[in-house]
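K.L.:
In this text, residue positions in the sequence shown follow the working numbering: the first is 92, and each later residue adds one.
Mind having a look at this structure? Questions to follow.
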Amino acid sequence: TKLIDTLICINLYPDIRIWSIRSAAYAAACRAPLSSSFGAAHAAANGKIFGIGAALACRSFLTTLKTAVRGSTPEAVIDDFCTRKVFFSGFGRPLVEGEDERFLKLSALLEEWRYPLGETVRLLRTVIPLVKQRKNLNPNYASLLVSLMTDPPFSFDEERLTVLVHFLISLSSYTAACDVITNGASVPLLPLRTDDVRYTGKPQRTL
92 TKLIDTLICI
102 NLYPDIRIWS
112 IRSAAYAAAC
122 RAPLSSSFGA
132 AHAAANGKIF
142 GIGAALACRS
152 FLTTLKTAVR
162 GSTPEAVIDD
172 FCTRKVFFSG
182 FGRPLVEGED
192 ERFLKLSALL
202 EEWRYPLGET
212 VRLLRTVIPL
222 VKQRKNLNPN
232 YASLLVSLMT
242 DPPFSFDEER
252 LTVLVHFLIS
262 LSSYTAACDV
272 ITNGASVPLL
282 PLRTDDVRYT
292 GKPQRTL
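Written as structure tokens, this is what we have:
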């Protein structure tokens, strides 16, 4: 239950940096109606490199990785992937310095809960330093999310449908809230201010 609640919170967070929210902001900046802004966000959420598309690509990569490692070693497999220029789905270079904060937070919670890690998550942890050393890539949240939801007791279909619903709820409620506080004016979507949250991280980025 703790894990599912945490995944819901992370998936629902309307981060201005992610592509779907940025797409909605660009549409709003062009004086598009609210429905068009939401449509732009929804379209981006179904792209190949974001949301479900990214999760499917990550699942495919991790499945290929697991199969390859069974007949070799993680070091040899990663070297072979680098030689063949295999795309490392679930890894990348963050837009800000450091690692994906969602990955770090979820990893810390798994340690705190002593959550039993399945085969896919254990393999991911094994190859992270290898990929970092050879490709200078860091794991992103998608790699850990997909790893967790691919191993029992979950199924990837459950993860796929869950994330889709989370994205839709997040986008619709976020755009609606922005519309209310701006009296329907078409303005770029920005994180909503609240006195209940004290943020001490990176400065807010603009489009």
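Glycine included, C-beta positions come from ideal geometry on N, C-alpha and C.
Going by C-alpha to C-alpha distance, which of Asp242, Ile143, Ile99 sits closest to tyrosine 206?
P.N.:
Asp242
K.L.:
Residues in the same chain with beta-carbon distance under 7 Å from arginine 251, minus the five sequence neighbours each way, listed in chain order, please.
P.N.:
Ile143, Ala146
K.L.:
Assign arginine 213 to one of two classes, buried (16 or more other C-beta atoms within 10 Å of its C-beta) or exposed (fewer than that).
P.N.:
exposed
K.L.:
My guess is that cysteine 149 and glycine 183 are in contact by the Cβ rule of under 8 Å, so how many angstroms apart are they, rounded?
P.N.:
Not a contact, Cβ separation roughly 11 Å.
K.L.:
So what does DSSP say about proline 220, is it helix, strand or coil?
P.N.:
If DSSP states are grouped into helix, strand and coil, proline 220 belongs with the helices.
K.L.:
How far does the alpha helix (DSSP H) with proline 165 in it reach, from first residue to last?
P.N.:
165-174
K.L.:
Give me whichever residues DSSP pairs with glycine 183 in a beta bridge.
P.N.:
DSSP output for glycine 183 lists Asn229 as bridge partner(s).
K.L.:
Mapping DSSP to helix, strand and coil, what is valine 177?
P.N.:
coil
K.L.:
The alpha helix (DSSP H) that contains arginine 150, what's its start and end?
P.N.:
143-160
K.L.:
Over the uninterrupted alpha helix (DSSP H) stretch that includes arginine 193, give me the two end residues.
P.N.:
192-204
K.L.:
Can you give the beta carbon distance from phenylalanine 178 to asparagine 231, rounded, assuming they're within the 8 Å contact cut?
P.N.:
Incorrect: roughly 13 Å between the Cβ atoms, too far for contact.
K.L.:
Output the distance between the C-alpha atoms of isoleucine 99 and alanine 233, rounded to the nearest integer angstrom.
P.N.:
In this structure, the straight-line span from the alpha carbon of isoleucine 99 to that of alanine 233 is close to 14 Å.
K.L.:
Would the beta-carbon of asparagine 229 fall within 7 Å of that of glutamate 190?
P.N.:
yes
K.L.:
For alanine 159, which option in Val218, Gln224, Asn227, Pro244 has the closest C-alpha, if you only look at C-alpha atoms?
P.N.:
Val218
K.L.:
Leucine 214 by DSSP, collapsed to three states: which one?
P.N.:
Helix at leucine 214.
K.L.:
Does DSSP put serine 238 in a helix, in a strand, or in coil?
P.N.:
In the three-state DSSP reduction, serine 238 falls in the helix class (H, G or I).
K.L.:
If lysine 157 sits next to threonine 211, beta carbons under 8 Å apart, how far is it from one beta carbon to the other, in whole angstroms?
P.N.:
7 Å
K.L.:
May I have the straight-line CA-CA distance separating glycine 162 from threonine 253, to the nearest angstrom?
P.N.:
33 Å
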